[in-house]
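Participant: If you number the sequence shown the way this note's numbering does, the last residue is 177 and the count never jumps. Using N, Cα and C, we set each Cβ at its ideal position, and we do this for glycine too. Fair warning: this is a prediction, and the values are worked out from it, not measured in the lab.
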Amino acid sequence: MPLIQATLSFVVELRDFHNIDLYHRGYYQVRTHLKTGVQTAGTTGSNNGKSMAFVEPPSRWERASTRLKVPEAVKASYIEPSVSVPAYTPDKACSKTLLIMYRDESARLCDVFEQRVLVQVDPINLEESLVKNDLFLCVELWFVEDPLDRQVKFIISSK
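The following block contains the structure:
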């Protein structure tokens, strides 16, 4: 059966940052990216019955609701380019960097990112083809304590 290429578009909206149990004062940032558990178009070898998928780099939405000024933001949101050496790291959507000082503190992010995945699917067994693609949304929380070291953030959590 012939395969067709489908484009899946995912929109991630980061509205607020709620500090519920972080006791460290410092600068926090949320990063997201999509990851697929199947082969990408650039890899070789057998695909073990799974479809091929390609994850496009994320893009920032520039809508009126996301252009709000966030006084808590130390740095604006951006797309972190991928690193090819020493290992493949995907492009990541990075939220605004926020200074969080207190437990139970909330801050607005107002960030919206879009990321697309190109997948090969069987038009007759569409649902089964999509389930085989093992798509994951990875969310990371990054932290730095010293404002002078804002370029060197440490990952706290990754889900």
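Taking only the alpha-carbon atoms, compute the straight-line gap between serine 175 and leucine 144 and give it to the nearest angstrom.
Facilitator: Stepping through the sequence shown from its first residue, residue 175 is reached at position 157. Stepping through the sequence shown from its first residue, residue 144 is reached at position 126. Looking at the two C-alpha atoms, the distance is approximately 34 angstroms.
Participant: Under the rule that 16 or more other beta-carbon atoms within 10 Å means buried, what is glutamate 31, buried or exposed?
Facilitator: Taking the sequence shown and counting its residues from 1, one reaches residue 31 at position 13. Glutamate 31 should be labelled exposed.
Participant: Among Arg33, Asn37 and Ser27, whose alpha-carbon lies nearest the alpha-carbon of isoleucine 118?
Facilitator: Counted from its first residue, the sequence shown places residue 118 at position 100. Of Arg33, Asn37 and Ser27, the residue nearest in Cα terms is Asn37.
Participant: Output the distance between the C-alpha atoms of tyrosine 46 and aspartate 140, rounded to the nearest integer angstrom.
Facilitator: Start at 1 with the first residue of the sequence shown, and residue 46 comes out as number 28. Start at 1 with the first residue of the sequence shown, and residue 140 comes out as number 122. Each residue's Cα considered, the two are about 42 angstroms apart.
Participant: Between which residues of its own chain and glycine 265 is the CB-CB distance below 8 angstroms, once the five residues before and five after are set aside?
Facilitator: Because the chain here runs from 19 to 177, residue 265 falls outside it and cannot be looked at.
Participant: Can you tell me where the alpha helix (DSSP H) with leucine 52 in it begins and where it stops?
Facilitator: Within the sequence shown, residue 52 is the residue found at index 34, counting from 1. That residue, leucine 52, is in no alpha helix (DSSP H); its beta strand (DSSP E) goes 44 to 54.
Participant: Going by CA-CA distance only, name the one from Ser27, Gln23, Phe72 and Ile173 that's closest to valine 157.
Facilitator: Translated into positions along the sequence shown, residue 157 becomes position 139. Taking only the C-alpha atoms, the option nearest valine 157 is Ile173.
Participant: To which residues of the same chain is lysine 110 closer than 6 angstroms at the C-beta, ignoring the five residues directly before and after it?
Facilitator: Within the sequence shown, numbered from 1, the residue matching residue 110 stands at position 92. Taken in chain order, the residues that qualify are Arg49, His51 and Glu98.
Participant: Can you tell which of Leu136, Glu74, Leu153 and Leu127 has the C-alpha that lies nearest to the C-alpha of isoleucine 22?
Facilitator: The residue given as residue 22 occupies position 4 in the sequence shown. Ranking the options by Cα distance to isoleucine 22, first place goes to Leu136.
Participant: What span of residues does the beta strand (DSSP E) with leucine 159 cover, start to end?
Facilitator: In the sequence shown, residue 159 corresponds to position 141, counting from 1. That run of the beta strand (DSSP E) goes 153 to 162.
Participant: Hey, would you say aspartate 15 sits closer than 8 angstroms to alanine 94, going by beta carbons?
Facilitator: Within the shown structure, residues of the chain are numbered from 19 to 177, placing residue 15 beyond reach of any answer.
Participant: Using the three-state DSSP reduction, which class does serine 175 fall into: helix, strand or coil?
Facilitator: As a working mapping, residue 175 is identified with position 157 in the sequence shown. Strand at serine 175.
Participant: Can you tell me whether valine 117 is helix, strand or coil according to DSSP?
Facilitator: One-based indexing of the sequence shown puts residue 117 at position 99. Note on residue identity: the sequence assigns leucine, not valine, to residue 117. Here leucine 117 sits in strand by DSSP.
Participant: Just the Cα atoms here: how many angstroms apart are glutamine 57 and methionine 70?
Facilitator: By 1-based counting over the sequence shown, the position of residue 57 is 39. By 1-based counting over the sequence shown, the position of residue 70 is 52. At glutamine 57 the pLDDT is 48, less than 50, meaning the model places this residue with poor confidence; the figure from the coordinates comes in the next sentence. Using only the alpha carbons, I get a separation of about 5 angstroms.
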